[in-house]
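Chemist: Last residue of the sequence shown? That's 208 in the numbering used here, and every number before it is there in order.
By construction, the Cβ of each residue, glycine as well, lies at the ideal position given by its N, Cα and C atoms.
Here it is: the structure, laid out below.
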Amino acid sequence: MSLMRSPGSGSNIGRSGSQPNLAVAGTSAQRLSEASSIAFRNKRKHGNESEVQTQLDSIQKQITDIMALLTSSVNSQNENYAKLSKDVVSIRDQMQDIKIIMNVNELKVENISSEQKEIKSNIKNLSNSMQMADGKIASLESNMNEIGAVLAESLHATYAGADICTATGIDNRPAENSLDSLSPTTDKRHLNTFKKILKAHLLNENK
């Protein structure tokens with residue numbers, strides 16, 4: 002009595018028996034090997050992630066430093082601009098003060114020039130007044146000299162008459178200590194004194 006064989010697991014129906022299909026078995030083994038390699042593949046190492054994070058931190062630090070530098074530069078420029086603005090305002094104020102001083106000096110120069118002209122005019126007027134006074138004094142001296150000559154002649158005639166009276170025995174001499182008893186020399190001295198007094202009086206009137 003013969004035993005019945007169970008059909009094989011392969012896809013080929015033409016084959017029968019309990020022996021495995023080697024073609025199908027090889028493919029299954031390859032699939033199992035690939036699945037095993039995928040399932041049991043080594044995990045990614047964390048060293049690469051740490052390096053990337055380090056680079057990112059470095060870039061972030063550089064960006065922070067650049068921003069700080071830009072902020073410092075902007076602040077410095079703002080301070081310089083503010084200082085420059087103050088300097089410009091100060092220079093403008095100084096220029097305005099200089100203009101005011103120049104205007105004041107110009108007015109002073111004009112006033113000095115006007116005063117100089119006035120002084121020159123006053124000097125010229127004084128010079129003219131002095132010339133007129135000198136002319137008047139010269140005229141008065143001439144008149145006084147003429148008067149003195151007339152007085153001298155009159156006195157001489159008076160003394161001559163007195164001598165005649167003495168010779169004839171007539172006492173017609175002037176009283177002692179009177180103006181008529183003055184000699185010609187004494188009278189001329191008084192006349193010169195009178196001239197000086199009159200000249201000084203005229204000078205005081207012309208001042």
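For Asn123 and Gly136, I'd like the C-alpha separation in whole angstroms.
Modeler: 20 Å
Chemist: Between Val110 and Ser128, what straight-line distance do the alpha-carbon atoms span, to the nearest angstrom?
Modeler: 26 Å
Chemist: Do you know offhand how far Asn49's Cα is from Gln61's?
Modeler: 18 Å
Chemist: Counting only runs that start and end within the stretch 91 to 137, where is the alpha helix (DSSP H) found for 4 or more residues in a row?
Modeler: Runs of the alpha helix (DSSP H) lying entirely within the stretch 91 to 137 and spanning at least 4 residues: none are present.
Chemist: Report the rounded CA-to-CA distance for Ser155 versus Met133, giving the unit in angstroms.
Modeler: 32 Å
Chemist: May I have the straight-line CA-CA distance separating Gln78 from Leu70, to the nearest angstrom?
Modeler: 12 Å
Chemist: Whole angstroms are fine: how far does the CA of Thr72 sit from the CA of Ile64?
Modeler: C-alpha separation (whole angstroms): 12 Å.
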